[in-house]
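Note sheet for the following structure.
Residue numbers (the numbering used here): 97 to 407.
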(Lines of atoms letter the chains of each structure in order from A and count residues from 1; the text may use other names and numbers.)
(Lines give C-alpha, C1' and ligand atoms only; values in the text may rest on other atoms or scores of the structure.)
Protein backbone atom coordinates (compact mmCIF):
# COMPACT_ATOMS: atom_id res chain seq x y z
CA UNK A 1 0.00 0.00 0.00
CA UNK A 2 2.76 2.36 0.89
CA UNK A 3 4.61 1.51 -2.29
CA UNK A 4 1.55 2.26 -4.39
CA UNK A 5 1.09 5.60 -2.63
CA UNK A 6 4.70 6.53 -3.23
CA UNK A 7 4.39 5.56 -6.84
CA UNK A 8 1.26 7.71 -7.21
CA UNK A 9 2.99 10.68 -5.64
CA UNK A 10 5.95 10.29 -7.96
CA UNK A 11 3.67 10.05 -10.97
CA UNK A 12 1.72 13.13 -9.90
CA UNK A 13 4.95 15.02 -9.32
CA UNK A 14 6.17 14.08 -12.78
CA UNK A 15 2.86 15.15 -14.32
CA UNK A 16 3.01 18.40 -12.40
CA UNK A 17 6.56 19.02 -13.59
CA UNK A 18 5.60 18.27 -17.15
CA UNK A 19 2.55 20.56 -16.84
CA UNK A 20 4.69 23.34 -15.43
CA UNK A 21 7.16 22.92 -18.25
CA UNK A 22 4.31 23.01 -20.78
CA UNK A 23 2.82 26.14 -19.21
CA UNK A 24 6.08 28.04 -18.80
CA UNK A 25 6.94 30.60 -21.46
CA UNK A 26 9.77 33.13 -21.82
CA UNK A 27 9.14 36.34 -23.73
CA UNK A 28 12.20 38.25 -24.88
CA UNK A 29 12.72 41.95 -24.33
CA UNK A 30 11.92 42.92 -27.91
CA UNK A 31 8.84 40.68 -28.11
CA UNK A 32 5.28 40.74 -26.84
CA UNK A 33 3.09 37.68 -26.17
CA UNK A 34 -0.51 37.41 -27.37
CA UNK A 35 -2.56 34.69 -25.65
CA UNK A 36 -5.45 32.89 -27.33
CA UNK A 37 -7.66 30.82 -25.00
CA UNK A 38 -9.74 28.31 -26.90
CA UNK A 39 -9.37 30.51 -29.97
CA UNK A 40 -10.42 33.73 -28.24
CA UNK A 41 -8.03 36.63 -27.74
CA UNK A 42 -7.13 37.42 -24.15
CA UNK A 43 -6.97 41.11 -23.36
CA UNK A 44 -3.74 40.88 -21.43
CA UNK A 45 -0.60 41.18 -23.56
CA UNK A 46 2.29 39.36 -21.97
CA UNK A 47 5.37 41.49 -21.52
CA UNK A 48 9.01 40.42 -21.60
CA UNK A 49 10.16 37.86 -19.05
CA UNK A 50 8.80 34.60 -17.60
CA UNK A 51 5.07 33.96 -17.94
CA UNK A 52 2.67 31.05 -17.48
CA UNK A 53 -0.24 29.91 -19.60
CA UNK A 54 -2.78 27.15 -19.21
CA UNK A 55 -1.58 24.05 -21.04
CA UNK A 56 -3.77 22.69 -23.82
CA UNK A 57 -6.24 25.55 -23.37
CA UNK A 58 -4.03 28.60 -24.07
CA UNK A 59 -1.79 29.30 -27.02
CA UNK A 60 0.86 31.99 -26.88
CA UNK A 61 2.10 33.78 -30.02
CA UNK A 62 5.09 36.08 -29.88
CA UNK A 63 5.25 39.24 -31.99
CA UNK A 64 8.53 40.98 -32.77
CA UNK A 65 8.40 44.68 -31.88
CA UNK A 66 11.70 45.65 -33.53
CA UNK A 67 11.97 47.88 -36.58
CA UNK A 68 11.91 45.66 -39.65
CA UNK A 69 13.96 46.57 -42.72
CA UNK A 70 12.20 45.30 -45.81
CA UNK A 71 13.64 45.81 -49.30
CA UNK A 72 11.09 46.51 -51.99
CA UNK A 73 11.81 44.70 -55.29
CA UNK A 74 12.64 46.95 -58.23
CA UNK A 75 9.53 48.11 -60.04
CA UNK A 76 9.38 49.22 -63.65
CA UNK A 77 7.08 52.06 -64.55
CA UNK A 78 6.52 54.96 -66.92
CA UNK A 79 6.84 58.43 -65.50
CA UNK A 80 4.49 61.29 -66.24
CA UNK A 81 6.84 62.55 -68.97
CA UNK A 82 6.84 59.09 -70.67
CA UNK A 83 10.23 57.79 -69.55
CA UNK A 84 10.61 54.12 -68.60
CA UNK A 85 12.46 53.75 -65.30
CA UNK A 86 13.23 50.99 -62.83
CA UNK A 87 13.03 52.02 -59.16
CA UNK A 88 13.71 50.07 -55.99
CA UNK A 89 13.21 51.17 -52.40
CA UNK A 90 13.44 50.06 -48.77
CA UNK A 91 10.74 50.26 -46.07
CA UNK A 92 11.33 50.59 -42.32
CA UNK A 93 8.34 49.65 -40.17
CA UNK A 94 7.50 48.23 -36.77
CA UNK A 95 4.51 46.68 -34.98
CA UNK A 96 2.81 48.98 -32.47
CA UNK A 97 -0.22 46.79 -31.71
CA UNK A 98 0.65 43.08 -31.59
CA UNK A 99 -2.97 41.96 -31.27
CA UNK A 100 -4.08 43.84 -34.40
CA UNK A 101 -1.02 42.62 -36.29
CA UNK A 102 -2.17 39.03 -35.66
CA UNK A 103 -5.92 39.49 -36.05
CA UNK A 104 -6.46 42.24 -38.64
CA UNK A 105 -4.19 40.77 -41.34
CA UNK A 106 -3.03 37.26 -42.13
CA UNK A 107 0.65 38.13 -42.62
CA UNK A 108 1.52 41.75 -41.90
CA UNK A 109 4.98 41.45 -43.45
CA UNK A 110 3.64 40.22 -46.78
CA UNK A 111 0.89 42.84 -46.68
CA UNK A 112 3.37 45.67 -46.12
CA UNK A 113 5.58 44.35 -48.92
CA UNK A 114 2.73 44.24 -51.44
CA UNK A 115 1.46 47.66 -50.41
CA UNK A 116 4.97 49.10 -50.81
CA UNK A 117 5.27 47.69 -54.35
CA UNK A 118 1.91 49.03 -55.50
CA UNK A 119 2.56 52.43 -53.89
CA UNK A 120 5.96 52.60 -55.56
CA UNK A 121 4.41 51.96 -58.97
CA UNK A 122 1.80 54.60 -58.31
CA UNK A 123 4.34 57.21 -57.25
CA UNK A 124 6.41 56.53 -60.38
CA UNK A 125 3.41 57.20 -62.62
CA UNK A 126 2.61 60.48 -60.84
CA UNK A 127 6.14 61.90 -60.91
CA UNK A 128 8.46 63.33 -63.52
CA UNK A 129 11.94 62.05 -64.20
CA UNK A 130 13.53 65.15 -62.72
CA UNK A 131 11.59 64.63 -59.48
CA UNK A 132 12.77 61.03 -59.24
CA UNK A 133 16.37 62.12 -59.65
CA UNK A 134 16.53 65.33 -57.64
CA UNK A 135 13.44 65.61 -55.41
CA UNK A 136 13.55 62.28 -53.62
CA UNK A 137 12.73 63.64 -50.17
CA UNK A 138 9.28 64.73 -51.29
CA UNK A 139 8.69 61.41 -53.04
CA UNK A 140 9.79 59.50 -49.94
CA UNK A 141 7.29 61.39 -47.82
CA UNK A 142 4.50 60.77 -50.31
CA UNK A 143 5.37 57.08 -50.51
CA UNK A 144 5.43 56.84 -46.72
CA UNK A 145 1.95 58.33 -46.44
CA UNK A 146 0.59 55.98 -49.11
CA UNK A 147 1.87 52.89 -47.27
CA UNK A 148 1.14 54.10 -43.74
CA UNK A 149 -2.54 54.84 -44.37
CA UNK A 150 -3.69 51.18 -44.67
CA UNK A 151 -0.97 49.89 -42.37
CA UNK A 152 -2.41 51.77 -39.37
CA UNK A 153 -5.36 49.37 -39.31
CA UNK A 154 -2.95 46.44 -39.19
CA UNK A 155 -1.21 47.64 -36.04
CA UNK A 156 1.89 48.53 -38.06
CA UNK A 157 3.60 51.90 -38.16
CA UNK A 158 5.71 52.85 -41.20
CA UNK A 159 8.80 54.52 -39.83
CA UNK A 160 10.28 55.71 -43.15
CA UNK A 161 10.57 54.83 -46.82
CA UNK A 162 13.67 55.49 -48.94
CA UNK A 163 14.09 55.22 -52.71
CA UNK A 164 17.42 53.50 -53.21
CA UNK A 165 18.15 53.60 -56.93
CA UNK A 166 16.60 54.83 -60.17
CA UNK A 167 17.76 52.91 -63.23
CA UNK A 168 17.45 54.65 -66.59
CA UNK A 169 17.72 53.27 -70.14
CA UNK A 170 21.05 53.68 -71.89
CA UNK A 171 19.59 56.03 -74.50
CA UNK A 172 18.26 58.30 -71.77
CA UNK A 173 21.63 58.26 -70.02
CA UNK A 174 23.38 59.34 -73.22
CA UNK A 175 20.81 62.08 -73.81
CA UNK A 176 21.24 63.39 -70.28
CA UNK A 177 25.01 63.29 -70.66
CA UNK A 178 24.81 65.33 -73.88
CA UNK A 179 22.45 67.78 -72.22
CA UNK A 180 24.78 68.23 -69.26
CA UNK A 181 27.76 68.65 -71.58
CA UNK A 182 25.92 71.27 -73.64
CA UNK A 183 24.93 73.13 -70.49
CA UNK A 184 28.53 73.17 -69.23
CA UNK A 185 29.76 74.35 -72.64
CA UNK A 186 27.15 77.13 -72.66
CA UNK A 187 28.26 78.33 -69.24
CA UNK A 188 31.90 78.20 -70.31
CA UNK A 189 31.16 80.30 -73.39
CA UNK A 190 29.21 82.84 -71.35
CA UNK A 191 32.04 83.12 -68.86
CA UNK A 192 34.59 83.47 -71.68
CA UNK A 193 32.50 86.17 -73.38
CA UNK A 194 32.16 88.05 -70.11
CA UNK A 195 35.91 87.87 -69.61
CA UNK A 196 36.51 89.16 -73.15
CA UNK A 197 34.13 92.06 -72.51
CA UNK A 198 35.91 93.05 -69.32
CA UNK A 199 39.31 92.68 -70.98
CA UNK A 200 38.21 94.85 -73.93
CA UNK A 201 37.07 97.58 -71.54
CA UNK A 202 40.41 97.51 -69.75
CA UNK A 203 42.31 97.53 -73.06
CA UNK A 204 40.29 100.51 -74.24
CA UNK A 205 41.18 102.39 -71.07
CA UNK A 206 44.84 101.46 -71.48
CA UNK A 207 44.82 102.55 -75.15
CA UNK A 208 43.31 105.93 -74.24
CA UNK A 209 46.04 106.48 -71.68
CA UNK A 210 48.84 105.35 -74.03
CA UNK A 211 47.56 107.70 -76.74
CA UNK A 212 48.53 110.66 -74.58
CA UNK A 213 52.06 109.31 -73.99
CA UNK A 214 53.47 107.40 -77.02
CA UNK A 215 56.55 106.42 -75.02
CA UNK A 216 54.34 104.19 -72.90
CA UNK A 217 53.56 102.13 -76.00
CA UNK A 218 57.29 101.73 -76.70
CA UNK A 219 57.88 100.63 -73.10
CA UNK A 220 55.07 98.13 -73.40
CA UNK A 221 56.62 96.81 -76.60
CA UNK A 222 59.98 96.38 -74.89
CA UNK A 223 58.34 94.56 -72.00
CA UNK A 224 56.67 92.20 -74.46
CA UNK A 225 60.00 91.62 -76.19
CA UNK A 226 61.64 90.79 -72.87
CA UNK A 227 58.87 88.37 -71.99
CA UNK A 228 59.16 86.60 -75.34
CA UNK A 229 62.97 86.55 -75.21
CA UNK A 230 62.88 84.63 -71.94
CA UNK A 231 61.98 81.51 -73.92
CA UNK A 232 65.04 79.73 -75.29
CA UNK A 233 63.47 78.02 -78.29
CA UNK A 234 61.72 81.02 -79.77
CA UNK A 235 62.15 83.20 -82.83
CA UNK A 236 61.61 86.88 -82.16
CA UNK A 237 60.15 89.06 -84.90
CA UNK A 238 60.45 92.69 -83.81
CA UNK A 239 58.24 95.18 -85.69
CA UNK A 240 59.87 98.57 -86.32
CA UNK A 241 57.52 101.52 -85.89
CA UNK A 242 56.96 103.72 -88.93
CA UNK A 243 57.67 106.83 -86.85
CA UNK A 244 61.19 105.55 -86.15
CA UNK A 245 61.86 105.03 -89.87
CA UNK A 246 60.64 108.51 -90.67
CA UNK A 247 62.84 109.94 -87.94
CA UNK A 248 65.91 108.18 -89.34
CA UNK A 249 65.06 109.30 -92.90
CA UNK A 250 64.76 112.93 -91.83
CA UNK A 251 68.10 112.71 -90.03
CA UNK A 252 69.80 111.25 -93.12
CA UNK A 253 68.35 113.96 -95.34
CA UNK A 254 69.62 116.66 -93.00
CA UNK A 255 73.14 115.16 -93.01
CA UNK A 256 73.24 114.90 -96.79
CA UNK A 257 71.94 118.46 -97.15
CA UNK A 258 74.67 119.79 -94.86
CA UNK A 259 77.30 117.89 -96.84
CA UNK A 260 75.96 119.32 -100.12
CA UNK A 261 76.07 122.85 -98.78
CA UNK A 262 79.68 122.30 -97.65
CA UNK A 263 80.68 121.11 -101.16
CA UNK A 264 78.99 124.13 -102.80
CA UNK A 265 80.90 126.56 -100.55
CA UNK A 266 84.22 124.96 -101.43
CA UNK A 267 83.60 125.33 -105.23
CA UNK A 268 82.71 129.02 -104.92
CA UNK A 269 86.04 129.89 -103.12
CA UNK A 270 89.71 129.34 -104.10
CA UNK A 271 90.35 126.35 -106.26
CA UNK A 272 91.75 123.45 -104.43
CA UNK A 273 95.09 121.93 -105.49
CA UNK A 274 94.67 118.91 -107.62
CA UNK A 275 95.04 117.52 -111.13
CA UNK A 276 94.12 119.66 -114.13
CA UNK A 277 90.63 119.26 -115.47
CA UNK A 278 89.84 118.59 -119.10
CA UNK A 279 88.35 121.31 -121.35
CA UNK A 280 85.05 119.43 -121.60
CA UNK A 281 84.69 119.49 -117.86
CA UNK A 282 85.62 123.21 -117.65
CA UNK A 283 83.11 124.13 -120.35
CA UNK A 284 80.29 122.19 -118.70
CA UNK A 285 77.91 124.38 -116.77
CA UNK A 286 77.72 123.97 -113.05
CA UNK A 287 75.00 121.50 -112.09
CA UNK A 288 72.62 122.47 -109.38
CA UNK A 289 72.90 120.76 -106.07
CA UNK A 290 71.08 117.43 -106.08
CA UNK A 291 68.74 116.30 -103.39
CA UNK A 292 69.91 114.61 -100.25
CA UNK A 293 70.42 111.29 -102.02
CA UNK A 294 72.11 111.13 -105.48
CA UNK A 295 71.72 108.25 -107.84
CA UNK A 296 74.82 106.40 -109.07
CA UNK A 297 75.54 106.90 -112.87
CA UNK A 298 75.01 103.93 -115.06
CA UNK A 299 77.56 102.49 -117.49
CA UNK A 300 76.08 104.37 -120.48
CA UNK A 301 76.19 107.68 -118.68
CA UNK A 302 79.91 107.44 -117.80
CA UNK A 303 82.48 109.27 -120.00
CA UNK A 304 84.53 107.06 -122.28
CA UNK A 305 88.11 106.62 -121.28
CA UNK A 306 90.86 107.26 -123.88
CA UNK A 307 92.62 104.26 -125.31
CA UNK A 308 95.98 104.18 -127.17
CA UNK A 309 96.45 101.92 -130.11
CA UNK A 310 99.95 100.60 -130.83
CA UNK A 311 100.91 100.07 -134.46
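Note that CB positions come from ideal geometry on N, CA and C, so glycine has one too.
Cβ-based burial, residue i [other Cβ within 10 Å; buried from 16]
i: residue 211; result: buried
i: residue 230; result: exposed
i: residue 248; result: exposed
i: residue 225; result: buried
i: residue 351; result: exposed
i: residue 214; result: exposed
i: residue 187; result: buried
i: residue 197; result: buried
i: residue 174; result: exposed
i: residue 235; result: buried
i: residue 99; result: exposed
DSSP three-state assignment for residue i, whether helix, strand or coil
i: residue 202; result: coil
i: residue 232; result: helix
i: residue 267; result: helix
i: residue 124; result: coil
i: residue 150; result: coil
i: residue 134; result: coil
i: residue 218; result: helix
i: residue 272; result: helix
i: residue 288; result: helix
i: residue 320; result: helix
i: residue 169; result: strand
i: residue 312; result: helix
Backbone CA spacing between residue i and residue j [nearest angstrom]
i: residue 241; j: residue 296; result: 58 Å
i: residue 313; j: residue 307; result: 8 Å
i: residue 145; j: residue 128; result: 10 Å
i: residue 162; j: residue 126; result: 6 Å
i: residue 278; j: residue 294; result: 24 Å
i: residue 255; j: residue 189; result: 5 Å
i: residue 318; j: residue 309; result: 15 Å
i: residue 276; j: residue 305; result: 44 Å
i: residue 375; j: residue 348; result: With a pLDDT of only 40 at residue 375, under 50, the local geometry of the prediction cannot be trusted, and the value read off the model is given with reservation. Rounded to whole angstroms, residue 375 to residue 348 spans 35 Å at the Cα level.
i: residue 282; j: residue 288; result: 10 Å
i: residue 345; j: residue 299; result: 32 Å
i: residue 110; j: residue 102; result: 12 Å
i: residue 354; j: residue 343; result: 17 Å
i: residue 113; j: residue 105; result: 12 Å
i: residue 269; j: residue 261; result: 14 Å
i: residue 356; j: residue 341; result: 23 Å
Proximity of residue i and residue j at Cβ, strictly below 7 Å
i: residue 201; j: residue 207; result: yes
i: residue 251; j: residue 191; result: yes
i: residue 121; j: residue 131; result: no
i: residue 185; j: residue 151; result: no
i: residue 154; j: residue 133; result: yes
i: residue 166; j: residue 223; result: no
i: residue 142; j: residue 123; result: yes
i: residue 219; j: residue 239; result: yes
Member of the options whose CA lies at the smallest distance from the CA of residue i
i: residue 182; options: 172, 188 and 190; result: 172
i: residue 237; options: 216, 275 and 263; result: 216
i: residue 228; options: 343, 180 and 299; result: 180
i: residue 203; options: 220, 177, 170 and 160; result: 160
i: residue 233; options: 265, 213, 257 and 175; result: 257
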